[in-house]
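Heads up: the structure comes next, in structure tokens.
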Amino acid sequence: MKINKQFLTALLVFLVLGIGTLLLFFFLPPAAHGAAAEPVTLSDRAQNAFVSAEITNAGGRYVVTAEDGIFSCDLLTGLPVSQAAFERLAQECTSLTADRPAPAPDEDAAPDYGFEHPLAQARAVYSDGSGIFIEVGAQIAGTDQYYIRVDHSASVYLIGREAIRCLLADISAYLDLSLTPDGVDEDTLPSSISVFSGARSLQLEKLALPETDGAGFSYRYRLSGSRPAYVDPDAYETYFGGLGGLEADGVVTMRPTAVDLKEYGLADEDACDGISFTMLGQTVRLRLGRLSGDFYYVLREGVPAIYRLSRLAVTWDDADEYALMSRYLMAPDPDKVQEILIEGGGASYHFTLDNGFVSLDGAPLTADTFDSFYALLCSLRAEYKLGDPAQNIPPDLTVTFVYTDPAGPASSPAPDGAQDSFYRTDVIRFIPYGPKRHAIEINGAALYAVRSTYVTKVLGVLATLQDGQIVSAVW
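Oh and the sequence shown: position 263 is 263 in full-length UniProt numbering, straight run, nothing missing.
Dropping the structure here:
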């Protein structure tokens with residue numbers, strides 16, 4: 001019991017001391033327990049009261065004006081400007097709050113706040129005719145805080161860099177760094193894209209509606225050329241998926257001279273790589289200059305400024321036709337095909353497609369049989385680009401598609417056996433090419449290779465194909 005009484009006595013003493021300490025904390029004046037100084041409002045006006053501001057800092061002198069909510073700058077005429085950056089400047093000139101008053105100087109030393117040579121000055125005018133004069137003095141060593149005062153007041157305050165970022169900024173900070181047309185976002189799809197590198201160029205066109213090939217894959221873009229190919233959706237995202245949000249890291253120089261263009265590798269347009277794309281009816285053409293470390297120097301056509309663009313943002317620089325195209329080289333939509341002629345293994349086969357009805361050499365085929373065979377036919381995928389030309393020898397397999405649309409001037413002629421040479425055709429020949437491989441020649445151009453098991457499988461199925469049979473597309 002004696003120990004318990006001692007414990008209770010000690011507990012009571014601690015409670016009394018704790019309550020006393022709390023009472024002293026709450027009832028003494030704030031200064032008595034080291035309260036931090038409150039922020040100080042230097043200007044408290046509505047942002048729409050901003051009319052103009054004359055800014056002077058290390059970057060020079062410029063004037064920003066606002067009219068009907070639209071900002072402009074006297075030194076940026078003809079250049080794309082960022083309205084958001086101007087709005088931030090207007091906010092700094094109308095609603096400015098310091099962190100706290102500057103500490104009182106030592107009695108033996110005259111204060112040096114840096115106002116004899118201020119880092120920035122802003123003379124703002126408001127819509128009622130009044131205004132404010134802001135001076136940013138020296139930066140406090142080892143911090144992101146500056147001395148600041150308004151209207152030549154004797155009162156000096158401390159303010160963080162973020163609150164006066166625009167007052168300290170070079171004029172290039174007000175340029176719009178977006179490299180896309182107005183009104184687009186990351187989800188906006190280009191209607192056309194052109195990538196150019198010397199004499200080489202790639203052209204992509206957006207389809208009016210998504211199209212599905214014979215292998216069942218859907219596409220939004222097509223590569224232009226003598227034989228247009230679908231653009232693989234994954235490849236599109238890899239190379240062009242970021243175009244809608246393309247943005248430079250900064251501006252190197254405005255209104256570049258011929259000397260500037262030469263210095264940054266942008267003088268010879270024909271020698272520069274680049275890209276052009278059209279979004280919402282507006283076309284952007286970008287010229288890539290010299291690569292410097294992790295960024296390119298870039299010129300946007302029609303804009304007198306040289307930008308700095310991250311190398312990682314230039315996702316299209318190694319794009320080529322093979323990287324972009326769908327690997328399914330022989331997979332047309334069956335609704336656009338009226339005949340398929342196949343030759344190989346000493347035999348020939350003639351498929352006729354007419355409004356959903358299919359026949360093989362005049363004998364009807366059920367939809368299940370033809371669809372399964374067509375899936376096998378369309379399963380052809382290019383496995384790699386040919387390193388050496390294909391031999392000039394007879395093919396082991398020839399497949400000819402006769403389409404329902406008329407032939408263009410450069411289309412391949414319909415082969416013997418087709419009903420009408422008026423229609424567009426594709427002729428695909430499979431020529432032996434090294435061990436267990438066949439070169440794929442499309443309309444006379446052999447560019448890709450496939451495993452020979454594809455040719456063996458197609459010819460084997462054709463030799464025994466009967467109505468009611470379901471064909472496997474595995475080979």
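In this text, a Cβ means the ideal position worked out from N, Cα and C, and glycines have one as well.
Asked                                                                                                                                                                                               : Found
Looking at the unbroken alpha helix (DSSP H) that takes in residue 406, where does it start and where does it end?                                                                                  : Looking at the DSSP string, residue 406 is not in any alpha helix (DSSP H); the run it does join, the beta strand (DSSP E), is 397–406.
Starting from the C-beta of residue 360, find all residues in its chain whose C-beta is less than 6 Å away, skip the five residues before and the five after it, and write them out in chain order. : 351
Roughly how many whole angstroms lie between the Cα atoms of residue 462 and residue 349?                                                                                                           : 8 Å
From which residue to which residue does the beta strand (DSSP E) around residue 462 run?                                                                                                           : Here residue 462 belongs to no beta strand (DSSP E); instead the alpha helix (DSSP H) covers 452–464.
What does the alpha-carbon distance come out to for the pair residue 469 and residue 374?                                                                                                           : 13 Å
Leaving out the 5 sequence neighbours to the left and right, which residues in its chain are closer than 8 Å to residue 393 when beta-carbon positions are compared?                                : 431 and 432
How would you call residue 357, buried or exposed, if buried means at least 16 neighbouring beta carbons within 10 angstroms?                                                                       : exposed
If you count every other CB in all the chains shown that lies within 10 Å of the CB of residue 228, and 16 or more means buried, which is it?                                                       : exposed
Around the Cβ of residue 162, are there at least 16 other Cβ atoms within 10 angstroms (buried) or fewer (exposed)?                                                                                 : exposed
Nearest chain B C-beta to residue 365 closer than 7 Å, yes or no?                                                                                                                                   : Any reference to chain B falls outside this structure, which holds one protein chain only.
According to DSSP, is residue 230 helix, strand or coil?                                                                                                                                            : strand
What residues match up with residue 73 in a beta bridge as DSSP calls it?                                                                                                                           : 64
So for residue 171, helix, strand or coil by DSSP?                                                                                                                                                  : helix
Please list, in chain order, all residues of the same chain as residue 149 whose beta carbon is under 6 Å from its beta carbon, the five residues on each side excluded.                            : 135 and 156
How should residue 449 be labelled, buried or exposed, when 16 other C-beta atoms within 10 angstroms of its C-beta is the threshold for buried?                                                    : buried
Does the beta-carbon of residue 34 have 16 or more other beta-carbons within 10 angstroms, so that it is buried, or is it exposed?                                                                  : Unreliable positioning characterises residue 34 in this predicted model, as indicated by a pLDDT of 43, which lies under 50. A coordinate reading is not provided.
DSSP state of residue 433, grouped into three classes?                                                                                                                                              : coil
Can you name the residues that DSSP bridges to residue 147?                                                                                                                                         : 158
What are the boundary residues of the alpha helix (DSSP H) that includes residue 88?                                                                                                                : 83–94
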